[in-house]
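Residues 41 to 413 (this note's numbering) make up the sequence shown, in order. Here the structure is laid out as structure tokens; the discussion comes afterwards.
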Amino acid sequence: MRLADAFRDAYGAAPDGVWHAPGRVNLIGEHTDYNGGLVLPFAVPWGVGAAVSPRGDGVIRLMSLQVEEEAQVLDTPEAARGWARYAAGVFWALREAGHAVGGADVVIDGDVPRGAGLSSSAALEMSVALALNDLHGLGLSRMDLAVAARRAENDFAGMPCGIMDQAASSLCEEGRALFLDCRALAGRTIPLDVAAHGLSLLIIDTGVRHELADGRYAERRAECESAARRLGVESLRDVTDLAGALGRLSGAERDRVQHVVTENHRVEATVGLLRAGAVDQLGAMLNASHLSLRDQYRVSCPELDVAVESAVRGGARGARMTGGGFGGSVVALVPEERLPSVRESVAGAYASRGWAAPRFLPAVPSAGARRLA
Ligand code: GLA
41 MRLADAFRDA YGAAPDGVWH APGRVNLIGE HTDYNGGLVL PFAVPWGVGA
91 AVSPRGDGVI RLMSLQVEEE AQVLDTPEAA RGWARYAAGV FWALREAGHA
141 VGGADVVIDG DVPRGAGLSS SAALEMSVAL ALNDLHGLGL SRMDLAVAAR
191 RAENDFAGMP CGIMDQAASS LCEEGRALFL DCRALAGRTI PLDVAAHGLS
241 LLIIDTGVRH ELADGRYAER RAECESAARR LGVESLRDVT DLAGALGRLS
291 GAERDRVQHV VTENHRVEAT VGLLRAGAVD QLGAMLNASH LSLRDQYRVS
341 CPELDVAVES AVRGGARGAR MTGGGFGGSV VALVPEERLP SVRESVAGAY
391 ASRGWAAPRF LPAVPSAGAR RLA
């Protein structure tokens, strides 16, 4: 195994184990997680592998096969730089939570397409979290591990994300999506078998990530928190009377609340359609979600909009931006026989604008984090 061999080369002995955690695509339920809402992601076939052995001296050594640098040798997690902060942050978060997590030698290998918005950082965090849970016999649940990984990302790497990506990487199962209530932290997987209906899920990677993404994410989050305060609720999940709430808000806050509340409804409706086997009707939900993200939540961008519109023109049943927005990927529901025309339509729309060609990836619902060796 490439990862175990690399570990032996780097550290002179075989690793105690090798773990893998996937990236994710969110089918629907966008910008709802940090509002205590509902999400429906599934794991992708790509992810991050971690070969790990514990060390007795508390030192953490981290290297990645994707990064040309010597192993970072850390006396404390705080000393980590760049990509390594996501891995070191997991040691930090587990120690902060009172777990006896010593040092370790770690080699990372990942194949999540870069910049596609498929949560390579959550995959990295979860591969390390699962490894430390197993090696130290911490006995934490998959949800506990996702919570620790999110804490690493929020309070150590400095990205104010919600729980969706870490929970998806931790809890997803092959052939299924994760229906997660982000307020209760309760998740259940449900079958997501679009192939049985002659359909496939296609990821269209725009190849762009706009500079403003991180700042705008934090700004949206702050707008939602401010709207919740104004409405006197703990989170926007608690808004039950949408018309009443909208009447008490104006401007951006009004638009954000409208998106979040209707998006939660769309997740519930989508789960209902999946349970009823009405997969061919999912497209309308995806389209409505995209419009709401574009016009109310305002986290789309021209590259995402053109991908969605041209995919639908080419025969997709529906399509939407997936993930945080301002670039990254679109997920489209496409009848098998229309895959070539959808690709052609999107590629043509990009070429005619002089944009770099988008990338097309099949989105097969895959297994969550696991030990490989
Ligand atoms: C990013 C964050 C998630 C979630 C999505 C938007 O992927 O990491 O927690 O908020 O954006 O739905």
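Quick reminder that beta carbons are idealized off the backbone N, C-alpha and C, glycines included.
- Query: For the ligand GLA, which residues count as neighbours when the test is a C-beta closer than 5 Å to any heavy atom?
  - Reply: E70, H71, D73, C201, G202, M204, D205, G363, G364
- Query: Just to confirm, are V65 and T362 a CB contact at a threshold of 8 Å?
  - Reply: yes
- Message: Assuming W132 is part of the alpha helix (DSSP H), what are its boundary residues?
- Response: 124-136
- Message: Taking its Cβ as the centre, do 16 or more other Cβ atoms sit within 10 Å of L252, making it buried, or is it exposed?
- Response: exposed
- Message: Using DSSP's beta-bridge definition, name the partner residues of P62.
- Response: G87
- Item | Close-in-space but distant-in-sequence residues of the same chain around L401 (CB under 7 Å, 5 per side omitted) | P153, I243, D245
- In terms of residues, what are the limits of the beta strand (DSSP E) holding A224? Premise fails: A224 is in no beta strand (DSSP E) and is neither H nor E.
- With a CB to CB cut of under 7 Å and the five nearest residues on each side skipped, what residues in its chain are close to A403? V65, V84, L241, L242, I243, V371
- Item | Own chain partners of D56 with C-beta closer than 8 Å, once the 5 adjacent residues on each side are dropped | These residues qualify, in order along the chain: V92, S93, P94, L175.
- Task: Could you tell me if R260 is buried or exposed, where buried requires 16 or more neighbouring beta carbons within 10 angstroms of its beta carbon?
- Result: buried
- Item | Contacts around R42, its chain only, beta-carbon distance under 8 Å, and the 5 residues preceding and following it disregarded | L105, D149
- Message: In whole angstroms, give me the CA-to-CA distance for M325 and L67.
- Response: 10 Å
- Item | Assumed close pair V297, L276 - CB separation to whole angstroms, cut-off 8 Å | Correct: roughly 6 Å between the Cβ atoms.
- Query: Does DSSP classify D320 as helix, strand or coil?
  - Reply: helix
- Task: Locate the beta strand (DSSP E) running through R306, then write down its first and last residues.
- Result: No beta strand (DSSP E) contains R306, which is instead part of the alpha helix (DSSP H) from 291-315.
- Task: Tell me Q112's beta-bridge partners as DSSP assigns them.
- Result: Q112 has L102 as its beta-bridge partners, per DSSP.
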